[in-house]
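If you're matching positions, the sequence shown starts at 50 in my numbering and goes up one per residue.
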Amino acid sequence: MKYYRTYWEQSSLEYATWIFSEVDNQGYEIRKLEIFLDGKISYYDANTPFELGEFPTDEDLESINDSEEITVIEISKNDFEKTLQLFNDKNQTGGQ
Numbered sequence: 050m051k052y053y054r055t056y057w058e059q060s061s062l063e064y065a066t067w068i069f070s071e072v073d074n075q076g077y078e079i080r081k082l083e084i085f086l087d088g089k090i091s092y093y094d095a096n097t098p099f100e101l102g103e104f105p106t107d108e109d110l111e112s113i114n115d116s117e118e119i120t121v122i123e124i125s126k127n128d129f130e131k132t133l134q135l136f137n138d139k140n141q142t143g144g145q
């Protein structure tokens with residue numbers, strides 16, 4: 050498994066600004082957390098497979114990171130799980 054944090058510099062409330070992805074060895078997302086500018090958070094996993102997709106290859110990530118709008122970095126499993134836990138904590142307290 051690999052874990053990624055994507056930052057998309059944009060101002061639309063329609064699209065996520067931060068995306069955290071867990072990707073399997075075949076390059077497919079297993080879990081994904083999207084965070085929007087207005088504080089909305091969306092979580093996707095095997096229960097919502099249509100929201101998951103194929104993750105870009107390492108070569109594609111290089112060209113994506115060359116853009117000025119999007120930055121993708123690999124993060125640790127621990128960092129991914131910590132972010133996911135923040136979502137779970139917020140979700141349990143009824144926050145948005």
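Idealized CB from N, CA, C, for every residue including glycine.
Asked	Found
Cβ pair Phe-99, Glu-78 closer than 9 Å	no
Sufficient close CB pairs (3 or more, under 8 Å) joining the stretch 71 to 88 to the stretch 118 to 135	yes
Buried versus exposed, by CB contacts within 10 Å (16 or more), Ala-65	buried
Enclosing beta strand (DSSP E) for Ser-70 [first to last residue]	67 to 72
Presumed contact (8 Å Cβ cut-off) between Glu-123 and Lys-51, rounded CB distance	6 Å
Thr-97, buried or exposed, once every other Cβ within 10 Å from all chains shown has been counted against 16	exposed
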